[in-house]
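Everything on this sheet refers to the single structure shown next.
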Amino acid sequence: MMNKGIGLIAFVWSCWKLNLAGAMEFRMSFLLTAGMMVVNNTVWILFWGLYFERFQVVNGWSLQDVMMMWSVSAGGFGLSAVLFGNAYRLASLIAAGQLDIYLSQPKPVLLHILISRMSVSAIGDVLFAVILYGLFGDCSAIGLLKFALALLITMLIFMFFVIIFQSLAFFLGNAEGLSQQMFNGLLAFSTYPTGIFTGWGKLLLFTVIPAGFISYMPIGLLRSVEPLFLAKAVGVAVLLTCGGTAFFYYGLKRYSSGNMMGVRN
């Protein structure tokens, strides 16, 4: 069992190295793509900077809290898209019958699919998150551990929330549009302070679209640990991970082969 686990880790690590090597083959394109994502995110940060020049606090949120919100959101999404890039195109693979290659190999199907692609632009999100945290975050050992935990929780929420809606392609045929809209909603709401939402809007952010568990990280984990919030955030991440995995394999029973022949090294 231990040898099997070590072999699986080695397989995942090899896939990540190959993905990065493939991205680095066209180095200028790689640098421009990742760099433009950093610039794109920086524009939003400048907007918030101008806003806080006039208003020092927004419903209890300071400029540092908003910077940390962006760092966690961008970093969590970036890690999911860099390490498990196929999560965001799973619906198109299912609809086109392109899972045959993965089904024919003795590896966990979902894991194999997810790690087979890397988003180059998302590397810019990860770099942006690290730079932003270095400028505004707590760089002590405890601070870095809390930041790493926040990124892990955020990555799992992003990835498996998307996988659930992408897996609807097993049942609907074409679920790309719906899954993209749900992802856009999660991403957009995760970059606004939860303090500006009340009533039904706030309830929505902690239920249907769990963006609140991402955007509240600067207050409930990085600024000071709120045990109840942290327990709920971890619980949601675990629930989405288990639910997304189970839903994918349930849908896989309905998968129709595309009769595609392919070889994967």
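For the sequence shown, UniProt numbering begins at 1 and goes up steadily by one. Note that beta-carbon positions come from the ideal geometry of N, C-alpha and C, so glycine has one too.
For residue i, is the classification buried or exposed, using 16 other Cβ atoms within 10 angstroms of its Cβ as the cut-off for buried?
i	result
residue 44	exposed
residue 41	buried
residue 147	buried
residue 249	exposed
residue 6	exposed
residue 47	exposed
residue 129	buried
residue 177	exposed
residue 188	exposed
residue 119	buried
residue 236	buried
residue 242	exposed
residue 254	exposed
How many angstroms separate the CA atom of residue i from the CA atom of residue j?
i	j	result
residue 84	residue 161	13 Å
residue 217	residue 194	10 Å
residue 252	residue 170	7 Å
residue 155	residue 79	6 Å
residue 268	residue 214	In the structure as shown, the chain starts at 1 and stops at 265, and residue 268 therefore has no counterpart that could be examined.
residue 22	residue 35	18 Å
residue 121	residue 30	8 Å
residue 190	residue 73	6 Å
residue 136	residue 99	43 Å
residue 172	residue 256	13 Å
residue 55	residue 12	47 Å
residue 139	residue 244	33 Å
residue 38	residue 124	5 Å
residue 75	residue 61	20 Å
residue 3	residue 108	16 Å
residue 225	residue 239	21 Å
residue 95	residue 175	8 Å
residue 33	residue 199	40 Å
residue 144	residue 28	31 Å
residue 201	residue 127	31 Å
residue 102	residue 157	24 Å
residue 111	residue 134	32 Å
residue 207	residue 231	15 Å
residue 69	residue 115	26 Å
Does residue i come out as helix, strand or coil in the three-state DSSP assignment?
i	result
residue 58	strand
residue 74	helix
residue 168	coil
residue 5	helix
residue 89	helix
residue 225	coil
residue 96	coil
residue 174	coil
residue 208	coil
residue 14	helix
residue 53	helix
residue 19	helix
residue 105	coil
residue 218	helix
residue 266	The displayed coordinates of the chain run from 1 to 265. Any statement about residue 266 would go beyond what the structure contains.
Cutting at 6 Å between CB atoms, please list the residues of its own chain near residue i, excluding the five before and the five after it.
i	result
residue 179	91, 165 and 166
residue 247	164 and 167
residue 150	72, 217 and 221
residue 233	153 and 213
residue 16	none
Sorted by chain position, which residues of the same chain lie with C-beta nearer than 8 Å to residue i's C-beta, five sequence neighbours on each side aside?
i	result
residue 117	19, 85, 86 and 89
residue 196	58 and 59
residue 185	209 and 211
residue 49	63
Got a sec? Which residues, its chain only, sit under 7 Å from residue i by beta carbon, not counting five neighbours each side?
i	result
residue 192	215
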